[in-house]
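Written out below as structure tokens is the structure these notes cover.
Residue numbers (my numbering): 4 to 185.
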């Protein structure tokens with residue numbers, strides 16, 4: 004329960020793969036086990052960010068996935084940003100709900116009535132993905148409010164951009180695994 008606006012890098016709790024604290028002055032988040040499970044499940048992921056951002060959060064409370072609206076969105080987040088069913092924070096049911104969804108290769112998910120879970124091959128990419136999610140969540144909410152039909156990018160292009168994402172993930176996973184062995 005830290006104030007994110009006043010946090011510095013020194014406030015971040017760093018854990019190892021067994022959830023042991025390596026550094027940081029604060030107790031790990033109640034979501035630490037969820038983060039650890041994501042890392043174990045997705046070998047291409049080296050950064051997990053869980054946020055309670057405004058526009059993506061609005062989509063969680065109306066249980067509305069973010070469809071494929073823009074090339075950049077699909078290229079970095081995946082084909083769609085699904086809504087993962089609600090379960091209490093820090094609970095095993097929440098962890099299990101998340102694990103059922105993240106195997107699809109997408110890098111952003113909305114957790115019903117909770118927030119967003121965003122993944123990346125490194126922290127810079129994860130932060131980039133958080134920004135993309137919020138920008139396009141706002142665009143989608145505004146489009147819905149207009150009363151007009153919301154158009155999506157064609158399926159063929161979604162597949163093309165998602166394929167690019169998967170290729171990048173596989174390459175990064177291979178590179179990362181190779182660097183671990185050195």
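We put the beta carbon where it would ideally sit given N, CA and C, even for glycine.
All of these numbers come straight from a predicted model, not from anything done at the bench.
- The Cβ atoms of residue 119 and residue 129 do not sit closer than 8 Å to each other.
- Taking the Cα positions, residue 87 is about 15 Å away from residue 81.
- In the three-state scheme derived from DSSP, where H, G and I count as helix and E and B as strand, residue 118 is classed as strand.
- By the Cβ test, the region 93-105 is not in contact with the region 151-169, since fewer than three Cβ pairs between them sit closer than 8 Å.
- Using a C-beta cut-off of 8 Å, the region 58-68 makes no contact with the region 35-50, since fewer than three inter-stretch Cβ pairs fall below that distance.
- Taking the CA atoms as reference points, residue 11 sits about 40 Å from residue 154.
- In this structure, the CA atom of residue 132 is about 22 Å from the CA atom of residue 147.
- Annotation for residue 54: the continuous beta strand (DSSP E) segment containing it runs 50-54.
- By a beta-carbon distance limit of 8 Å, residue 164 contacts residue 74. Their separation comes to about 6 Å.
- Contiguous beta strand (DSSP E) elements confined to the region 29-79 occur at 50-54, taking only those with 3 or more residues.
- In this model, residue 175 and residue 78 are separated by some 15 Å (Cα to Cα).
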